[in-house]
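**Student:** Numbering (the working numbering), first residue to last: 10 to 278.
Got a structure for you, written out below as structure tokens; questions coming shortly.
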Amino acid sequence: MICFPNAKINLGLHITSKRNDGYHEIETCMYPIPLFDALEIIVNNKKSSWNSTGLLIPGDSKDNLILKAYQLLKKDFSNLPNVDIHLHKNIPMGAGLGGGSADAAFSLNLMNNLFDLILDDFFLEEYASTLGSDCPFFIENTPKIAKGRGEILEKISLDLRGTHLILINPGIHIGTKEAYAGVTPAPPKSKLEAVLSDKTRWKNELINDFEASIFHNHPEIEAIKNKLYLNGAYYASMSGSGSSVFGLFENVPKKMNWDKDYFVFEAML
Numbered sequence: 010m011i012c013f014p015n016a017k018i019n020l021g022l023h024i025t026s027k028r029n030d031g032y033h034e035i036e037t038c039m040y041p042i043p044l045f046d047a048l049e050i051i052v053n054n055k056k057s058s059w060n061s062t063g064l065l066i067p068g069d070s071k072d073n074l075i076l077k078a079y080q081l082l083k084k085d086f087s088n089l090p091n092v093d094i095h096l097h098k099n100i101p102m103g104a105g106l107g108g109g110s111a112d113a114a115f116s117l118n119l120m121n122n123l124f125d126l127i128l129d130d131f132f133l134e135e136y137a138s139t140l141g142s143d144c145p146f147f148i149e150n151t152p153k154i155a156k157g158r159g160e161i162l163e164k165i166s167l168d169l170r171g172t173h174l175i176l177i178n179p180g181i182h183i184g185t186k187e188a189y190a191g192v193t194p195a196p197p198k199s200k201l202e203a204v205l206s207d208k209t210r211w212k213n214e215l216i217n218d219f220e221a222s223i224f225h226n227h228p229e230i231e232a233i234k235n236k237l238y239l240n241g242a243y244y245a246s247m248s249g250s251g252s253s254v255f256g257l258f259e260n261v262p263k264k265m266n267w268d269k270d271y272f273v274f275e276a277m278l
């Protein structure tokens with residue numbers, strides 16, 4: 010079976026407090042976008058295997074979230090057969106787009122169907138939450154307000170269909186430690202749901218708390234955001250902790266010239 014895990018963008022991202030367990034409480038709206046990886050899982054009765062193509066995935070393959078998802082299910086369903094897993098990686102990694110989380114969540118959904126496990130979304134989200142904070146979002150894969158570590162999800166009526174998206178990733182690595190070091194947790198000044206309901210408020214009030222310090226450390230990322238606004242975006246923001254920046258446009262803008270080393274993605278939502 011094959012599926013196509015997609016990326017997400019963050020519409021606003023507030024770091025509201027630090028938890029006793031070392032994690033942070035956040036509040037954000039996550040919105041799926043049509044930037045895809047491709048994932049295939051087939052039964053292999055002899056021996057499981059893993060391979061990937063496309064963008065090079067750093068680190069040890071045994072740490073890949075897809076393999077961890079398979080092992081997680083196998084703990085509870087010991088009769089799962091061996092599998093061949095192939096991932097074609099297209100979503101930039103460590104870029105604030107949730108690509109790894111999407112791969113893990115989509116693999117849970119795919120194996121649920123492939124092996125007739127008959128797990129509903131609630132149980133799949135429980136499994137997903139053990140793999141990563143963003144993973145549960147991709148089970149239903151619809152716009153959601155995310156709170157807690159990102160695993161507490163609330164439905165929201167938000168439809169960006171017909172909006173033109175431009176997404177730029179300059180390839181600058183932003184580590185988690187760097188991202189959080191520049192943020193002082195505080196409750197948001199405006200209620201996120203209220204701001205999201207009025208697009209005229211987005212530019213000034215839909216804030217990503219990571220931007221201030223990251224833009225200070227990496228002016229190149231801020232320049233991308235400013236360029237998107239100069240070319241007519243009604244909203245532009247960094248996604249997650251970066252370094253990807255996206256712009257939303259009512260109409261298709263004139264072609265913009267970007268550095269040849271940037272990852273550039275355009276689509277109609």
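C-beta: ideal position from N, C-alpha, C; glycine also.
Keep in mind that this is a model prediction, so the values were computed, not measured.
#1: Can you name, in chain order, every residue of its own chain whose Cβ lies under 6 Å from the Cβ of proline 152, other than the five neighbours on each side?
#2: Quick check: the segment 69-79 against the segment 185-205, are at least 3 beta-carbon pairs closer than 8 Å?
#3: If you draw a straight line from the C-alpha of isoleucine 3 to the C-alpha of isoleucine 154, how long is it?
#4: Taking the CB atoms as reference points, tell me whether leucine 178 and tyrosine 271 lie closer together than 9 Å.
#5: List the endpoints of the continuous beta strand (DSSP E) containing lysine 27.
#6: Go through its chain and collect everything with a Cβ distance to phenylalanine 45's Cβ below 7 Å, but skip five positions before and after it.
#7: With a 10 Å radius around its C-beta and 16 neighbouring C-beta atoms as the bar for buried, classify serine 58 as buried or exposed.
#8: Could you give the C-beta distance for asparagine 60 and cysteine 38, rounded to a whole number, given that I count them as a contact under 8 Å?
#9: Ends of the beta strand (DSSP E) at tyrosine 40?
#10: Helix, strand or coil: how does DSSP classify valine 261 here?
#11: Along the chain, where does the beta strand (DSSP E) that runs through methionine 277 open and close?
#12: Mind checking who tyrosine 244 pairs with in its DSSP beta bridge?
#13: Threshold first: 4 residues or longer. Then list the alpha helix (DSSP H) segments lying entirely within the segment 100-142, N to C.
#14: Compute the distance between the beta-carbons of isoleucine 183 and serine 252, then report whether it is under 9 Å.
#15: Do you know offhand how far glutamate 36's Cα is from phenylalanine 258's?
#16: Comparing the C-beta of tyrosine 40 with each C-beta of chain B, is any distance below 9 Å?
#17: Can you tell me whether valine 92 is helix, strand or coil according to DSSP?
#18: Go ahead and pull the three-state DSSP assignment for histidine 225.
#19: Less than 9 Å separating the beta-carbons of histidine 173 and leucine 278?
#20: Nearest to glycine 256 by CA position, among Ala242, Asn266, Gly249 and Pro262, is which residue?
#21: So, are the CB atoms of isoleucine 279 and leucine 96 less than 9 Å apart?
#22: Can you check whether the CB of methionine 10 is closer than 9 Å to the CB of leucine 169?
#23: Measure from the alpha carbon of aspartate 85 to the alpha carbon of each residue in Glu275, Glu34, Phe124 and Thr193, then state which is nearest.
#24: Quick check: what's the CA-CA separation for threonine 193 versus serine 248?
#25: CB-CB under 7 Å to leucine 128, same chain, minus the five flanking residues each way: which ones, in chain order?
#26: On the three-state DSSP scale, how would you describe asparagine 213?
#27: Name the one or two DSSP bridge partners that histidine 182 has.
#28: For the candidate residues Ser110, Glu135 and Gly63, whose alpha-carbon lies nearest to that of aspartate 72?
#29: Do you know how far the Cα of lysine 83 is from the Cα of valine 254?
**Tutor:** Checking against the coordinates, here is how it stands:
#1: Tyr40, Ile165 and Leu167
#2: no
#3: What the structure shows of the chain is the stretch from 10 to 278, and residue 3 is not part of that stretch, so it cannot be assessed.
#4: Reading off the sequence shown, one finds asparagine at residue 178, where the question assumed leucine. Closer than 9 Å, so yes.
#5: 15-27
#6: If we look at phenylalanine 45 and ignore the five residues flanking it on each side, its Cβ neighbours are Phe13, Pro14, Asn15 and Asn99.
#7: exposed
#8: In fact, because the Cβ distance is near 35 Å, the residues do not count as touching under 8 Å.
#9: Segment 33-45, the beta strand (DSSP E) holding tyrosine 40.
#10: coil
#11: 272-277
#12: Leu257
#13: 108-123 and 130-140
#14: For isoleucine 183 and serine 252, yes; Cβs fall inside 9 Å.
#15: 24 Å
#16: Although the question refers to chain B, the structure presented lacks it and comprises just one protein chain.
#17: strand
#18: helix
#19: yes
#20: The candidate whose alpha carbon is nearest that of glycine 256 is Ala242.
#21: Nothing can be reported for residue 279, as the shown portion of the chain is limited to 10 through 278.
#22: no
#23: Phe124
#24: 18 Å
#25: Asn121
#26: helix
#27: Looking at the DSSP assignment, histidine 182 forms no beta bridge with any residue, so it has no partner.
#28: Comparing alpha carbon positions, the residue from Ser110, Glu135 and Gly63 closest to aspartate 72 is Ser110.
#29: 38 Å
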